[in-house]
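In terms of UniProt numbering, the sequence shown opens at residue 1 and continues consecutively. Glycine included, every Cβ here is placed at the ideal spot set by N, Cα and C. Bear in mind the structure is a predicted one, so any value in this text is a computation, not a measurement.
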Amino acid sequence: MLKILSGSQVKELDAAYINRKGISSLNLMESAASGFVGWWTAMDFDKQLPVVVFCGAGNNGGDGYAIARLLHGLDFEVIVVQCFTDSSGMSPDALFNKQSLPDGVQVRHWSEFAPCESAVVIDAYLGVGLRGPLRQEAVEVIQKINSLAGLKISVDIPSGLPSDGLLDGLCVRADFTVTLAFPKLSLLFPEHASVAGKLVLVDIGIEDSDYQEFPSTYFFLIKKDLKSYHRTFHRFSHKGDFGKIMLFAGSIGKMGAAVLAGKAALRTGSGLVTVQIPESERQVVQTAAPELMCSFGLQGNLGMFDALGVGPAIGVDDNAGTLAYLFQNFPKPMVIDADAITLLGKKPDLVQLIPKGSILTPHLVEFDRILGRSENHLERLEKASDFCNKWGLNMLIKGANSVICLADGRQIFNSSGTHYMATAGAGDVLTGILTSLLGQGYSPEQAMICGVYQHGLAGEIAGERKRRGTIASDIVEAIPETFRRLDIS
Ligand SMILES: NC(=O)C1=CN([C@@H]2O[C@H](COP(=O)(O)OP(=O)(O)OC[C@H]3O[C@@H](n4cnc5c(N)ncnc54)[C@H](O)[C@@H]3O)[C@@H](O)[C@H]2O)[C@@H](O)CC1
Ligand SMILES: Nc1ncnc2c1ncn2[C@@H]1O[C@H](COP(=O)(O)OP(=O)(O)O)[C@@H](O)[C@H]1O
Ligand SMILES: [K+]
1 MLKILSGSQV
11 KELDAAYINR
21 KGISSLNLME
31 SAASGFVGWW
41 TAMDFDKQLP
51 VVVFCGAGNN
61 GGDGYAIARL
71 LHGLDFEVIV
81 VQCFTDSSGM
91 SPDALFNKQS
101 LPDGVQVRHW
111 SEFAPCESAV
121 VIDAYLGVGL
131 RGPLRQEAVE
141 VIQKINSLAG
151 LKISVDIPSG
161 LPSDGLLDGL
171 CVRADFTVTL
181 AFPKLSLLFP
191 EHASVAGKLV
201 LVDIGIEDSD
211 YQEFPSTYFF
221 LIKKDLKSYH
231 RTFHRFSHKG
241 DFGKIMLFAG
251 SIGKMGAAVL
261 AGKAALRTGS
271 GLVTVQIPES
281 ERQVVQTAAP
291 ELMCSFGLQG
301 NLGMFDALGV
311 GPAIGVDDNA
321 GTLAYLFQNF
331 PKPMVIDADA
341 ITLLGKKPDL
351 VQLIPKGSIL
361 TPHLVEFDRI
371 LGRSENHLER
381 LEKASDFCNK
391 WGLNMLIKGA
401 NSVICLADGR
411 QIFNSSGTHY
421 MATAGAGDVL
431 TGILTSLLGQ
441 GYSPEQAMIC
451 GVYQHGLAGE
461 IAGERKRRGT
471 IASDIVEAIP
481 ETFRRLDIS
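Shown next, in the form of structure tokens:
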């Protein structure tokens, strides 16, 4: 798992890595530039379009000069726009790469640069070295970049955006941010979605172990992490090993929630899935999914279940007693979603009864219902951390880059998922997946890591096929393919 460090830790990380590997900082900059160009090549940009690279005086600019050289080598027409006047303030590596520009690359000063008709713009002006409010010249440079018509690609971070905090003023509005080594924290905040654009992560060769000495509570979950968190099953595994789970979901007129969560649990591998529903609605479930079992009314024998998920579309009016009963009679970690979360907001005294290790999965509105409105994502993360720590619970803050908040304070941002998942019932699917994994003997941490990543991946697979026509059932049907793509048997 990648650790997300602060902007000020990046320099120390680079220094430690360079020292350990016995390489120079120029090598690392070259890795960054060639990583960027590797992504660029895969994007297959039109060679007829000129490329305009805005370069600052620091190492972000150094990346830009190296990128300009490499793209020129690939036969692109490259124009470098120098965004500073006095070269004496340049970082040594940026200066080296500036001096290494081949003759064919045109260089202009930003104040003289007249925009060409259409061009791809690379923003290598300011990176994680930004300190304090933008100086006047920087404001003008950023305004100039934003006024250009072409596609804008920021290197590491959109210039002007602080790496760890909130935007307070102006920054480049990027279509893509190609971030180096690990995503900078602020790129993962929903309030920066319109300036960060699509996020691309470039590996520059720094290994997970190189991060260990640097303290951080933030992590980024990527595909290669998944396999080690999964349990393995063997030739003699039987239905019981895959868990018996119960899902309290659905109500009259909203039975889709029970069907979606139940099917998702089956597709995730549960041995036996029972949905607890109003008896009058049993035909809906049994017609939609004959593999599901139904139970009606609160019957005593909760002990036979390995895991329990509660909340999707159960309604909030009459269920406070049910929740209290479940919390008091099912002592294992459970998944708490949707209406159950809204109910906790109305009856905060119930929180203390929730079994330790349980997983709450609020979207942003449900989050506000339990923990009050937050001014920004940083505040939200802090509130989640305090809540999880105080009650010994885990929380998933859902959205793009959903955040897994663990009781011990670690907060893990998910990398999978797509906006095609912003569709009714996608959260119900997740409740089914998470409850299924708990039932299969996964710890809450394992269940969240595997479940959240695979839910996002299933959304991506469904979205590849159905684009904005993706519905929650497509996400369910894509779950089996996620096991194949992750090489999990
Ligand atoms: N491990 C990594 O992540 C690597 C990072 N590298 C690059 O190095 C960058 C960091 O380089 P630096 O530390 O040199 O910093 P930057 O290049 O991000 O910023 C320094 C420059 O910004 C100017 N500046 C700072 N605050 C300003 C303000 N408020 N208004 C106007 N100008 C301001 C400074 O005068 C200086 O010219 C990263 O963002 C990345 O692009 C790569 O070269 C190598 C590996
Ligand atoms: N833009 C997005 N990018 C990635 N994932 C998304 C996006 N929008 C929604 N999702 C995911 O889809 C799910 C939606 O859940 P939720 O809001 O509870 O939906 P519902 O209540 O309709 O079931 C969450 O897991 C969320 O992370
Ligand atoms: K930048």
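Out of curiosity, what's the CA-to-CA distance linking residue i and residue j?
i	j	result
residue 168	residue 440	46 Å
residue 402	residue 333	20 Å
residue 12	residue 307	44 Å
residue 362	residue 368	9 Å
residue 109	residue 387	51 Å
residue 423	residue 471	6 Å
residue 122	residue 64	8 Å
residue 281	residue 251	8 Å
residue 196	residue 20	32 Å
residue 85	residue 125	13 Å
residue 452	residue 247	18 Å
residue 366	residue 172	32 Å
residue 202	residue 34	9 Å
residue 223	residue 484	13 Å
residue 131	residue 240	57 Å
residue 302	residue 329	7 Å
residue 88	residue 49	32 Å
Looking only at its own chain, which residues have a Cβ that is under 6 Å from the Cβ of residue i, when we skip the five neighbours before and after it?
i	result
residue 17	206, 210
residue 229	446, 449, 450
residue 478	458, 461, 462
residue 327	353, 354
residue 428	257, 260, 261, 312
residue 356	392
residue 292	262, 273, 275, 285
residue 113	81
Taking 6 Å as the line, does the beta carbon of residue i fall inside it for any heavy atom of ligand 3?
i	result
residue 123	yes
residue 500	Here the chain has residues from 1 to 489 only, and residue 500 is not among them.
residue 169	no
residue 159	yes
residue 62	no
Hey, residue i and residue j: beta-carbon distance below 7 Å or not?
i	j	result
residue 339	residue 311	yes
residue 119	residue 152	no
residue 455	residue 437	no
residue 539	residue 345	This structure does not reach residue 539, given that the chain is present from 1 up to 489, and the question cannot be answered.
residue 359	residue 434	yes
residue 32	residue 180	yes
residue 279	residue 305	no
residue 128	residue 36	no
residue 275	residue 258	yes
residue 414	residue 221	yes
residue 193	residue 432	no
residue 190	residue 399	yes
residue 218	residue 411	yes
residue 184	residue 157	yes
residue 214	residue 2	no
residue 176	residue 200	yes
residue 7	residue 208	no
Would you say residue i touches ligand 2, meaning its beta carbon is less than 6 Å from a heavy atom?
i	result
residue 424	yes
residue 263	no
residue 43	no
residue 400	yes
residue 230	no
residue 428	yes
residue 448	no
What do you reckon, is the C-beta of residue i under 6 Å from a heavy atom of ligand 1?
i	result
residue 280	no
residue 131	yes
residue 138	yes
residue 166	no
residue 209	no
residue 29	yes
Whose C-beta lies closer than 7 Å to the C-beta of residue i among residues of the same chain, with five residues either side of it excluded?
i	result
residue 62	29, 91, 93, 94, 97
residue 68	53, 78, 80, 101, 105
residue 139	170
residue 383	371, 374
residue 287	none
residue 45	120
residue 244	271, 272, 304, 305, 306, 439
residue 380	367, 374, 397
Excluding five sequence neighbours on each side, which residues of the same chain lie with their C-beta closer than 8 Å to the C-beta of residue i?
i	result
residue 232	489
residue 466	420, 474
residue 498	As shown, the chain starts at 1 and ends at 489. That puts residue 498 outside it, with no answer to give.
residue 324	350, 353
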